[in-house]
Amino acid sequence: MTLRLSRFAKKILSMPLVATVVLFTTACEMQTSSVGTGQLIDLGEPIPVALLVPKTSRNASSVAISLENATRLAMSQLDSAEINLKVYDTYGSSKIAATQAKLAVKEGAKIIIGPLFGDAANEVGLALSGQNVNVLSFSNNPTVAGGNLFIMGKTFENTAGRLIKFAATKGKRRAVIIYPDNVEGRLGRDALHAAAKKSKIRVVATQSFSFTQESVVNSIPLIRAATKIYEADLLLLTSNSAGALPLLAQLLPEAGLNPQKIQYAGLARWDIPSQNVGLQGLQGGWFAVPETERYEIFSDHYFAEYQEKPHPLAGLAFDAISAIGALAQSGNSKALTTNALTRKSGFTGVDGIFRFTSSGTNQRGLAIAQINGSQVNIIDDAPQSFNYSGM
0 MTLRLSRFAK
10 KILSMPLVAT
20 VVLFTTACEM
30 QTSSVGTGQL
40 IDLGEPIPVA
50 LLVPKTSRNA
60 SSVAISLENA
70 TRLAMSQLDS
80 AEINLKVYDT
90 YGSSKIAATQ
100 AKLAVKEGAK
110 IIIGPLFGDA
120 ANEVGLALSG
130 QNVNVLSFSN
140 NPTVAGGNLF
150 IMGKTFENTA
160 GRLIKFAATK
170 GKRRAVIIYP
180 DNVEGRLGRD
190 ALHAAAKKSK
200 IRVVATQSFS
210 FTQESVVNSI
220 PLIRAATKIY
230 EADLLLLTSN
240 SAGALPLLAQ
250 LLPEAGLNPQ
260 KIQYAGLARW
270 DIPSQNVGLQ
280 GLQGGWFAVP
290 ETERYEIFSD
300 HYFAEYQEKP
310 HPLAGLAFDA
320 ISAIGALAQS
330 GNSKALTTNA
340 LTRKSGFTGV
350 DGIFRFTSSG
360 TNQRGLAIAQ
370 INGSQVNIID
380 DAPQSFNYSG
390 M
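In numbering that gives the first Met the number 0, the protein residues as written are 0 to 390.
This is the structure:
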């Protein structure tokens, strides 16, 4: 058989494989829970806040600049709370991040925002575990969360929960999970498994592949067989555009798995990049997206201030300051403690509502989008509060 790939699929496979979620570095140690940790603030005084970002990192300096810009933009929009910000360069090093975090606390920081990467966040959390200082890291790796360390990044668990609950309401009952055999893929698989166990959907099969054309191609007959044997009505894909999504979107329908007859759904943003929405295999597919209107407002304000678009992660820094400001406005000296940070009502950020959990992870309000006619349509709106059964 001669395999003919679409131009988009060829382009993706010709690119070097890189970590598509830069925050997904493996943690070396899990934090332990400690309810009520966190510094007291002096009411009426500016809150000393430290921002840890890799300003001089070869690979992440542009992200760091955008994170700092978003932090300062959020500070300028606070109503009454005042923040005294000091920025510390981590140089993209976990060890330096830990050293800088300890210096920040020594210099009076009441809370830490950052660092960017999961391994650095883990080091910082451990370094400050006896300092009674909470850390709002930009990581999305749940294995580093807990104790004094919270993760701001969007997690597979949150996305999987939203997607699975929605699929269950649409009558889907038997799912096949398709994932790359790497850290990110396995975390996505596990998140979908966990979400399915809390729903009426049963995972009837899982199929992994290495990110090579041969491995992806060889997985297709196995996916087709499992789908037919178990009469699956839902294909769950963890890959994104920088991974195998374009190739899977071509090969699965060619193998007889018609997207019009079996529901495709994904953990990744299928609308990034925009040419994805033209892939025939993704027509009718579901994926989760944040509330777009709020982000557009943030992006416009950012552009007006800095004459460039924000990095996709910049909103996390804005959210961190928004949360600190909202808590400080309560007039409670315990505003930065774990009990305050994990309030059930949560906060409103650039992507909609979000809140921290007692385990150090986060929940975010997400909408469900569907691709139809190469257009993205919202078919289930993002919740406006956490009193919502779809969360």
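Think of the CB as a built atom: it goes at the ideal place given N, C-alpha and C, for glycine as much as any other residue.
Buried versus exposed call for residue i [16 or more other C-beta atoms within 10 Å across all chains shown]
{"i": "Leu39", "result": "exposed"}
{"i": "Ile377", "result": "exposed"}
{"i": "Asp41", "result": "exposed"}
{"i": "Leu22", "result": "In this prediction, Leu22 has a pLDDT of 49, which is less than 50 and means its spatial position is unreliable; what the coordinates show is noted afterwards. Leu22 should be labelled buried."}
{"i": "Ser61", "result": "exposed"}
{"i": "Pro220", "result": "exposed"}
{"i": "Gln262", "result": "buried"}
{"i": "Glu67", "result": "buried"}
{"i": "Ile176", "result": "buried"}
{"i": "Arg57", "result": "exposed"}
{"i": "Gln30", "result": "Low local confidence applies: a pLDDT of 39 at Gln30 is under 50, so the model's placement there is unreliable, and no value is given."}
{"i": "Asp78", "result": "exposed"}
{"i": "Cys27", "result": "In this predicted model, Cys27 has a pLDDT of only 34, less than 50, meaning its place in the structure is not dependable; the value taken from the coordinates is given anyway. Classification for Cys27: exposed."}
{"i": "Pro47", "result": "buried"}
{"i": "Gly372", "result": "exposed"}
{"i": "Ile296", "result": "exposed"}
{"i": "Thr360", "result": "buried"}
{"i": "Ala224", "result": "exposed"}
{"i": "Gly314", "result": "buried"}
{"i": "Val20", "result": "At Val20, the pLDDT of 38 sits below 50, so the modelled position is not reliable; the number obtained from the coordinates is stated separately. Looking at its Cβ environment, which holds 16 or more other Cβ atoms inside 10 Å, Val20 is buried."}
{"i": "Arg201", "result": "exposed"}
{"i": "Ala195", "result": "buried"}
{"i": "Ile222", "result": "buried"}
{"i": "Phe302", "result": "exposed"}
{"i": "Asp118", "result": "buried"}
{"i": "Leu2", "result": "Because Leu2 carries a pLDDT of 45, less than 50, the predicted location of this residue cannot be relied on, and the following value inherits that uncertainty. It is exposed - the Cβ of Leu2 has fewer than 16 other Cβ atoms within 10 Å."}
{"i": "Ser65", "result": "buried"}
{"i": "Pro252", "result": "buried"}
{"i": "Val34", "result": "Caution applies to Val34, whose pLDDT of 40 falls short of 50 and renders its modelled position unreliable; the model cannot decide the point."}
Pick from the options that is closest to residue i, judged by C-alpha positions
{"i": "Gly280", "options": "Leu246, Lys308 and Thr291", "result": "Leu246"}
{"i": "Gly37", "options": "Ile219, Lys54, Thr98 and Gly146", "result": "Gly146"}
{"i": "Val52", "options": "Gly113, Arg201 and Ala303", "result": "Gly113"}
{"i": "Phe346", "options": "Thr360, Gly324, Asn331 and Ser358", "result": "Gly324"}
{"i": "Lys197", "options": "Leu77, His300, Lys101 and Ala159", "result": "Ala159"}
{"i": "Leu162", "options": "Gly117, Leu235, Glu122 and Asp189", "result": "Leu235"}
{"i": "Ser321", "options": "Ala334, Val202, His310 and Gly372", "result": "Ala334"}
{"i": "Gly277", "options": "Ile370, Leu102 and Gly117", "result": "Ile370"}
{"i": "Ala100", "options": "Val123, Thr55, Ala287 and Thr336", "result": "Val123"}
{"i": "Phe88", "options": "Asp118, Asp299, Ala73 and Ala49", "result": "Note that residue 88 is Asp in the sequence shown here, rather than Phe. The residue with the shortest Cα to Cα distance from Asp88 is Ala49."}
{"i": "Phe210", "options": "Ile222, Asn239, Val202 and Asp118", "result": "Asn239"}
{"i": "Gln328", "options": "Glu81, Glu307 and Ala73", "result": "Glu81"}
{"i": "Ser92", "options": "Leu233, Glu230 and Thr55", "result": "Thr55"}
{"i": "Leu312", "options": "Ala63, Gln306 and Arg185", "result": "Ala63"}
{"i": "Gln362", "options": "Gly255, Phe149 and Ala103", "result": "Phe149"}
{"i": "Met74", "options": "Pro45, Asp118 and Leu251", "result": "Pro45"}
{"i": "Ala366", "options": "Val86, Ala287, Val375 and Ser358", "result": "Ala287"}
{"i": "Arg393", "options": "Val86, Tyr229 and Leu186", "result": "There is simply no residue 393 to check, as the chain begins at 0 and stops at 390 in what is shown."}
{"i": "Lys94", "options": "Trp285, Leu127 and Thr356", "result": "Leu127"}
{"i": "Asn121", "options": "Ala97, Pro309 and Thr356", "result": "Ala97"}
{"i": "Gly43", "options": "Ser332, Ala316 and Gly184", "result": "Ser332"}
{"i": "Asn144", "options": "Gly364, Glu307, Thr337 and Ala368", "result": "Strictly speaking, residue 144 in this sequence is Ala, with Asn absent from that position. Ranking Gly364, Glu307, Thr337 and Ala368 by Cα distance to Ala144 puts Thr337 first."}
{"i": "Thr226", "options": "Lys260, Lys308 and Ala193", "result": "Lys260"}
For residue i: DSSP bridge partner residues
{"i": "Ser136", "result": "Ile150"}
{"i": "Gly404", "result": "Examination of residue 404 is not possible in this model, given that the chain is present from 0 through 390 alone."}
{"i": "Asp88", "result": "Val52"}
{"i": "Phe286", "result": "Gly265 and Ala368"}
{"i": "Gly145", "result": "Leu148"}
{"i": "Leu235", "result": "Ile176 and Ala264"}
{"i": "Val375", "result": "Ile370"}
{"i": "Asn361", "result": "Phe355"}
{"i": "Asn83", "result": "Pro47"}
Problem - Every unbroken beta strand (DSSP E) within the segment 159–230, with a cutoff of 3 residues, ordered by chain - result: 173–179 and 201–208
Handout entry: Given 8 Å, three or more beta-carbon pairs between the segment 281–291 and the segment 97–117
Key = no
Exercise for the section: Would you check if the segment 127–139 and the segment 165–181 touch, i.e. whether three or more CB-CB distances between them fall below 8 Å? Expected result: no
Exercise for the section: Count the C-beta pairs between the segment 371–386 and the segment 335–352 that are closer than 8 Å, then say yes if the count reaches three, no if not. Expected result: yes
Problem - the segment 334–347 contacting the segment 172–187, beta-carbon criterion three pairs below 8 Å - result: no
Practice task
Inspect the CB distances between the segment 261–280 and the segment 197–211 and report whether three or more fall short of 8 Å.
Solution key: no
Exercise for the section: Mind the definition here: the segment 148–156 touches the segment 212–228 only if three or more C-beta pairs lie below 8 Å; say whether that holds. Expected result: no
Exercise for the section: Evaluate contact between the segment 65–80 and the segment 126–135, counting only Cβ atoms and requiring at least three cross-stretch pairs below 8 Å. Expected result: no
Problem - Uninterrupted alpha helix (DSSP H) stretches inside the segment 97–129 (no shorter than 4 residues) - result: 117–126
Exercise for the section: Run through the segment 286–343 for me and flag every whole beta strand (DSSP E) of 3 or more residues, listed as ranges in chain order. Expected result: none
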